[in-house]
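This report concerns only the one structure given below.
Number of protein chains: 2
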Amino acid sequence: MTQQRKVILEEVRKMHTHPTADEVYEAVRKRLPKVSLGTVYRNLDILSKEGYIRKIDQAYPQMRFDSNTEDHYHVVCMVCGRVDDIPFEPPKDELDELEKRIIQVSKYTILGHNLEFLGLCPVCRKSRGDSLEEKIKEINS
Amino acid sequence: MTQQRKVILEEVRKMHTHPTADEVYEAVRKRLPKVSLGTVYRNLDILSKEGYIRKIDQAYPQMRFDSNTEDHYHVVCMVCGRVDDIPFEPPKDELDELEKRIIQVSKYTILGHNLEFLGLCPVCRKSRGDSLEEKIKEINS
DNA sequence: ATAACTGCAAACGTTTTGCCAGCAT
DNA sequence: ATGCTGGCAAAACGTTTGCAGTTAT
């Protein structure tokens, strides 16, 4: 845990705004003016792999498009990025209920939601016979 | 609806793989060899604004970081990108139930899920006194 | 001595934009 | 004529990487 890493973690912990890398960089720079953006990215990555922080929504490195405009959910393969539909009806009642509670508490206007499941597609699950644990390590590397 | 736009839409409708822009470009190029990637992006954008297709997960243009590594959900402001925590327990039973059904049907190995609510934060909701409908238009422009 | 790490700058991949020409209203 | 659209190329954006020097064991 270097000085830079320590400061980066401290700053992320201080910020309750779910900062972007750039926002972290700006905050860290006030304490370590010579720090580079590369170092911030590198350490945010390390810190998230070590479980100190979490990346929010890294599921889609690229934008994807869907000609089905109905409400439905997806499973995303964390290895190959493949996206499949989930052939279930959304649990609409539960989600509507949640949306109502959010509106009451947070003062947000809620316009919709995303629910996606992350995992391994059948192909990636089987490839090279690796164990599930090794797969998960691979995803996090 | 130009020829290019029509072909792009047809190809997205043919592909049930939730293609990336590049994959659409490759497919369209087989029919319109001179089409440019810029045109594909422009038209995918237009088609999604007109409701013919959907972009999957456009919530986070940038990666964000969270020092709270516990399972919890977020609301994302579609105008300013602000992310807030939802102060509710996840509806764990329903989601576990859903995960089980997905495993049965899709053969995916499910490792987790994202559930996020999209809307307008209190600040953006109020700014300039616009109506909600105008706000939504603004988001889609 | 060795390994991990930094700052810096360049590279990268995806997406957006500016420009000018062409097409449709 | 006017405005939307296309192709092309360049720019922009967020992120990653190579390198040479530094720091900490």
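In the order they appear, the protein sequences are chains Y and E.
Per the numbering used here, residue 1 is the first one in the first sequence, and the count goes up by one each step.
Per the numbering used here, residue 1 is the first one in the second sequence, and the count goes up by one each step.
Ideal Cβ placement from N, Cα and C applies to all residues, glycine included.
All figures in this text were calculated on a predicted structure; none of them were measured in a lab.
Quick one: residues in its chain with C-beta nearer than 6 Å to the C-beta of residue i, no 5 flanking neighbours on either side, listed in chain order?
{"i": "Y/Ile53", "result": "Val12, Leu47"}
{"i": "E/Val67", "result": "The question names Val, but residue 67 of chain E in the sequence shown is Ser. Around E/Ser67: no qualifying Cβ."}
{"i": "Y/Glu99", "result": "Ile110"}
Could you please give me the residues that DSSP links to residue i through a beta bridge?
{"i": "Y/Asn114", "result": "E/Glu116"}
{"i": "Y/His16", "result": "BP columns for Y/His16 are empty, so no partner."}
{"i": "E/Val76", "result": "E/Val83, E/Leu118"}
Specify, as a first and last residue, the run of the beta strand (DSSP E) that residue i falls within.
{"i": "E/Asp57", "result": "That residue, E/Asp57, is in no beta strand (DSSP E); it is neither H nor E in DSSP."}
{"i": "E/Arg64", "result": "64-66"}
Report the rounded CA-to-CA distance for residue i versus residue j, giving the unit in angstroms.
{"i": "E/Lys49", "j": "E/Ile56", "result": "13 Å"}
{"i": "E/Ile148", "j": "Y/Val76", "result": "In the structure displayed, chain E extends from 1 to 141; residue 148 of chain E sits before or after that span and is not available."}
{"i": "E/Arg5", "j": "E/Glu97", "result": "41 Å"}
{"i": "E/Asn140", "j": "E/Asn114", "result": "23 Å"}
{"i": "Y/Asn43", "j": "Y/Arg29", "result": "14 Å"}
{"i": "Y/Lys135", "j": "Y/Glu89", "result": "30 Å"}
{"i": "Y/Gln38", "j": "Y/Gly51", "result": "According to the sequence shown, residue 38 of chain Y is Gly rather than Gln. Rounded to whole angstroms, Y/Gly38 to Y/Gly51 spans 20 Å at the Cα level."}
{"i": "Y/Met1", "j": "E/Met78", "result": "36 Å"}
{"i": "Y/Arg125", "j": "Y/Glu138", "result": "12 Å"}
{"i": "E/Glu94", "j": "Y/Glu10", "result": "35 Å"}
{"i": "E/Asp45", "j": "E/Pro61", "result": "15 Å"}
{"i": "E/Tyr73", "j": "E/Pro91", "result": "10 Å"}
{"i": "E/Arg31", "j": "E/Gly81", "result": "38 Å"}
{"i": "Y/Ser127", "j": "E/Lys34", "result": "37 Å"}
{"i": "E/Glu70", "j": "E/Arg101", "result": "24 Å"}
{"i": "Y/Phe162", "j": "E/Gln3", "result": "Within the shown structure, residues of chain Y are numbered from 1 to 141, placing residue 162 of chain Y beyond reach of any answer."}
{"i": "E/Lys14", "j": "Y/Met63", "result": "18 Å"}
{"i": "Y/Ser36", "j": "E/Leu132", "result": "41 Å"}
{"i": "E/Val105", "j": "Y/Val105", "result": "36 Å"}
What first and last residue would you give for the alpha helix (DSSP H) that runs through residue i?
{"i": "Y/Arg147", "result": "Residue 147 of chain Y is absent from the model: chain Y starts at 1 and stops at 141."}
{"i": "Y/Asp85", "result": "Element bounds for Y/Asp85: not the alpha helix (DSSP H) but the beta strand (DSSP E), 83-85."}
{"i": "E/Val28", "result": "21-29"}
{"i": "E/Cys124", "result": "122-126"}
{"i": "E/Glu89", "result": "Element bounds for E/Glu89: n/a, residue is neither H nor E."}
{"i": "Y/Lys107", "result": "Looking at the DSSP string, Y/Lys107 is not in any alpha helix (DSSP H), and its letter there is neither H nor E."}
{"i": "Y/Leu32", "result": "That residue, Y/Leu32, is in no alpha helix (DSSP H); it is neither H nor E in DSSP."}
{"i": "Y/Glu134", "result": "132-139"}
Residues in its own chain within less than 8 Å of residue i by CB, not counting five upstream and five downstream?
{"i": "E/His16", "result": "none"}
{"i": "Y/Asp151", "result": "Outside the shown range of chain Y, which is 1 to 141, sits residue 151 of chain Y, and nothing can be said about it."}
Return the chain-ordered list of same chain residues with a C-beta closer than 7 Å to the C-beta of residue i, the five sequence neighbours on each side being excluded.
{"i": "Y/Ala59", "result": "Val76, Glu116, Leu118"}
{"i": "Y/Val40", "result": "Ile8, Ala21, Val24, Tyr25, Val28"}
- Item | At least 3 beta-carbon pairs within less than 8 Å: the region 109-123 of chain E vs the region 109-124 of chain Y | The region 109-123 of chain E vs the region 109-124 of chain Y: in contact.
- If we count Cβ pairs, one from each stretch, closer than 8 Å, do we get three or more for the region 72-90 of chain Y versus the region 14-30 of chain E? yes
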